[in-house]
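Notes for the one structure printed next.
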Amino acid sequence: MSDIEDLEAMVRELRDTNAIHRLKASYCALVDSGDWDELETLWSEDAVCDYDFFGRFEGRAQIMQRFFRDQVSAISTFNAHMIHNGIIDVTGDTARGRWYLTAHTTAQPGDRAMWVHAIYDDAFARIGEQWKIAAIKVTFRYFTPFEQGWAKQPFWQAGNSGS
Numbered sequence: 000m001s002d003i004e005d006l007e008a009m010v011r012e013l014r015d016t017n018a019i020h021r022l023k024a025s026y027c028a029l030v031d032s033g034d035w036d037e038l039e040t041l042w043s044e045d046a047v048c049d050y051d052f053f054g055r056f057e058g059r060a061q062i063m064q065r066f067f068r069d070q071v072s073a074i075s076t077f078n079a080h081m082i083h084n085g086i087i088d089v090t091g092d093t094a095r096g097r098w099y100l101t102a103h104t105t106a107q108p109g110d111r112a113m114w115v116h117a118i119y120d121d122a123f124a125r126i127g128e129q130w131k132i133a134a135i136k137v138t139f140r141y142f143t144p145f146e147q148g149w150a151k152q153p154f155w156q157a158g159n160s161g162s
């Protein structure tokens, strides 16, 4: 490769990496705001999501209806995603990314303040000129009531008194 070709490849990789960071940040912001219609535009048609104990969903329509519109809307009245330590590897028109998630959420029943920590392992696909989410795998490290914390009760079940 010539110096110009090397620079073009580096710029393309930086541009792609930045686009994927923005895509993931948009995902978090849209989940937090509950804007399901806009969130739906971020997925590839054949996306697959494994949300750990919340279930596995295949296809954009199922992800949006069965997970976000049915489950998330029913069990959470507040979400604040904070993702960090992002690593993205781009290979042509596909990419993989990993982020740590720290989140504060309010869970039902009872508007219970919760601590959440998880790992996102994601796949992305360039469709046309846009990057889309192709897969998300969430591995929860803890999902626990604020007053108990992850040391006493790392995983909470809805309806559990927590005592």
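In numbering that gives the first Met the number 0, the protein residues as written are 0 to 162. The beta-carbon is built from N, C-alpha and C at its ideal position, and this holds for glycine as well.
{"Asked": "L100 by DSSP, collapsed to three states: which one?", "Found": "strand"}
{"Asked": "With A79 and I87 assumed to form a contact (beta carbons below 8 Å), what rounded beta-carbon distance in angstroms separates them?", "Found": "That belief does not hold up - the Cβ atoms of A79 and I87 are roughly 23 Å apart, past 8 Å."}
{"Asked": "Would L38 and V47 qualify as a contact pair, given that the criterion is a beta-carbon distance under 9 Å?", "Found": "no"}
{"Asked": "Taking the straight line between their C-alpha atoms, what separation do you get for F52 and G85?", "Found": "23 Å"}
{"Asked": "Restricting to Cα atoms, I'd like to know which of E57, Q64, L22 and R111 is closest to D36.", "Found": "Q64"}
{"Asked": "Leaving out five residues before and five after G158 in sequence, what residues of the same chain have Cβ atoms less than 6 Å from its Cβ?", "Found": "Note that G158 has pLDDT 44, beneath the 50 cutoff, so the model's placement of it is unreliable and the number below is only indicative. Same-chain partners within the cutoff: there are none."}
{"Asked": "Starting from I169, follow the alpha helix (DSSP H) in both directions and report where the run begins and ends.", "Found": "Outside the shown range of the chain, which is 0 to 162, sits residue 169, and nothing can be said about it."}
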